[in-house]
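Numbering (the working numbering), first residue to last: 4 to 547.
Here it is, written out as C-alpha cells:
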C-alpha cells in the first residue's frame, strides 16, 4: 500500500576508506532497509520478498542480495556515530510586498545566528515557501572518490515514509495560495493616477509563487512521502563532504536563474542542520526512525511541510546511482547485462550452467543429439570456461555416463576428483604422466582389431605432423617430406601388425636406430598388401 504509514524505507550509502590512505582500496556499500511497524514476522517476510522482487524487476543494472540477519547490525551502525548533520530544502517566510528573498541567510552547518526565531502566524503579506530540490547533473563518481579520500568513514541515510496531507496542512497551503492571489490582483482594473502604486514585478512574483503552491498542493494531495536526509561519521564532518552529499541532491539556487522558466528561480539550494546532543539522531540511524528537525519560525500544524515530498521530487534523494561506463570507486561493477535464457531450452541433456536472472532461474542444458555436432569453447581468462567444463563433466558423471578428461594443465582434473560422487569413486581411473612413483603404461598403438589398425596409424602420423610443425615451423618441410612420412607410416604398420604382441612407440623408434630390428615381426601376420611389400621389398635394402 503506497499510503501505509507503518513502512519506513532507508537508503544508505556507507563509505569505508582504506586505512592505508589508498582510496582505490576503499569500500562503498549501498543498502536498502525497510522497517514495518506493528507487523507479524510472516507479514514482514512477505513484504520483504515483494520488495526484493520489485527492485530486481526494475533495476537490471544492479545485483542485489539479501542482508544476512547477523549482518544487519553492521549496516544500521557500521561505526561509532560521533557527529551528524541533516540536509534539507531551503525554506522561509517571503514578503509579497518586497523583493526580499529569505528572511535570514542560510545557517552555516545548521547553527542559527542570534536568538532562535519564534513561530509566526499566517499574515496576508507573507508566505512560507519551501524551495524544491532540483535533480542535479553531478557525477556519483566524484562523490565516491571524495568519500574514499576522506579519512573517516561516512554514511548518508535517506529515510522515506508514505503519508498523507493532514487537514491543517491543506489549510496552511490554501492560506499561502490566497495570500499570493491577493497580491497578484493588486493594481488590476483602471490604471491609477500615481504610477508609484504599480508593482508589476511583485505581481508576477506573487503569480509565480501561487503556481508553485498550487503544484505543491496537487502533487502532495495524491502522492506524499515524509523524507529526511542525514549524514553521520565518527569524526567531525568537513563542509566539503556534507556539501558533496548535498550537491548530489540538488542544483545550487544560482544555477537555476535565467534558464527560461521563471518558476525555477524559486527552487534549488539546500540547508544544513547540525544534529546535536539535544536530538535523538543516533536512534534514528540504529532503529531506522524518521524524526523531523524542528522549524522554530513555523507553526506546529505546519512543521512537516518542509519535509513532505511528492514522488517526483523525492527521487532527488531517494535514488540509486545511475549505471555508468565505469563502475563507482569502491563498488564492484558488472560490465555486462544478464539476459534470460530462452523459454524453449530443453529440459533434458547435459547441464552447462544455470541462468540466474531474477524470477527466471533455470538450468541450461544441451541435448545428446546436439552434443554429437561437437562443441568449441572460447573465452578470455577468468570468464568461466573451466567452470563450464567442470559443470558438464560432473553432470555426466552423476548421470552414469563415461567421461574422459584430458587436462594438459593439471588443475581441472584435481577439482573434479574432489567432487566425484560416492557411487562412482570406484569407476575412476587416473593417468598422471607426472606421477613417477606410480606410472601407468599407455600404449598409443594398441588396437582392438584389424579394422582399427590403419585408423590408429593415421592418427599417430597426424600427431607427429603437428608436433613437427609446432617445433620447427616452416622449416619442418625441409626434412619431413613425402619420403619421411612414407617411412613413418609403413613402419608404424609393421609395429602394429601382430595383434598378439602389440608394439609400442619405443619399438617404432628402434626400427630407425637398431639394425634389422624390424625382423621381430617376422613372419608377418598382417595380410594387407602395403605392409607385405614394405617388409619384403623396402626394409631389407634400407639402412637407417
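For every residue, glycine included, the Cβ atom is placed at its ideal position computed from N, Cα and C.
Here the structure is a predicted model, which is why all the values come from computation and not from measurement.
Annotation for residue 87: the continuous beta strand (DSSP E) segment containing it runs 86-91. Residue 161 is not a Cβ neighbour of residue 36, given a cutoff of 7 Å.
The beta carbon of residue 422 is closer than 6 Å to those of 397 in its chain, skipping five residues each way along the sequence.
The Cβ atoms of residue 286 and residue 229 lie no closer than 7 Å to each other.
When DSSP states are grouped into helix, strand and coil, residue 233 belongs to the strand group. Rounded to the nearest angstrom, the gap between the Cα atoms of residue 378 and residue 371 is 12 Å.
Between residue 87 and residue 235, the C-beta gap is smaller than 7 Å, which places the two residues in contact. 222 is the residue among 222, 375, 140 whose C-alpha sits nearest the C-alpha of residue 314. In this structure residue 496 touches residue 534 by the C-beta definition: roughly 5 Å separates them, less than 8 Å. Of the candidates 96, 179, 20, 346, the residue whose Cα lies closest to the Cα of residue 368 is 346.
Counting only residues of its own chain and dropping the five nearest sequence neighbours on each side, residue 128 has a CB closer than 8 Å to the CB of 98, 99, 100, 182, 186. For the pair residue 77 and residue 237, the CB atoms are not nearer than the 7 Å cut-off. In the structure shown, residue 367 falls within a strand segment according to DSSP collapsed to helix, strand and coil. Around residue 505, the same chain offers 446, 448, 449, 499 as residues with beta carbons nearer than 7 Å, after the five sequence neighbours per side are excluded. Here residue 149 is actually not in contact with residue 25; their C-beta atoms are around 15 Å apart, not less than 8 Å. When DSSP reads this structure, residue 339 sits in no beta bridge, so it has no partner.
Straight through space, the alpha carbons of residue 130 and residue 207 are spaced by roughly 15 Å. According to the DSSP assignment, residue 52 belongs to the alpha helix (DSSP H) that extends over 44-61. Counting C-beta pairs closer than 8 Å gives fewer than three between the stretch 382-389 and the stretch 428-443, which falls short of the contact rule. Residue pairing of residue 394 in beta bridges, as defined by DSSP: absent, with no partner found.
Taking a 10 Å sphere around the C-beta of residue 213, we find 16 or more other C-beta atoms and assign the residue as buried. When C-alpha distances from residue 356 are compared across 391, 380, 323, 331, the shortest belongs to 391. Annotation note: the stretch 143-170 contains the following uninterrupted beta strand (DSSP E) runs of length 3 or greater, listed N- to C-terminal: 157-166. Where residue 275 is concerned, the enclosing beta strand (DSSP E) starts and stops at 274-278. Residue 31 is a Cβ neighbour of residue 333, given a cutoff of 7 Å. DSSP places residue 133 inside the beta strand (DSSP E), whose first and last residues are 129-133. Residue pairing of residue 34 in beta bridges, as defined by DSSP: 15.
In the structure shown, residue 500 adopts coil according to DSSP, grouped into three states.
Every unbroken stretch of the alpha helix (DSSP H) spanning 4 or more residues and falling wholly within the stretch 397-448 is given here in chain order: 415-420. Proximity of the stretch 134-147 to the stretch 308-327 meets the contact definition, three or more beta-carbon pairs being nearer than 8 Å. Runs of alpha helix (DSSP H) with 4 or more residues, each lying fully within the stretch 457-508, are found at 485-498, listed in chain order.
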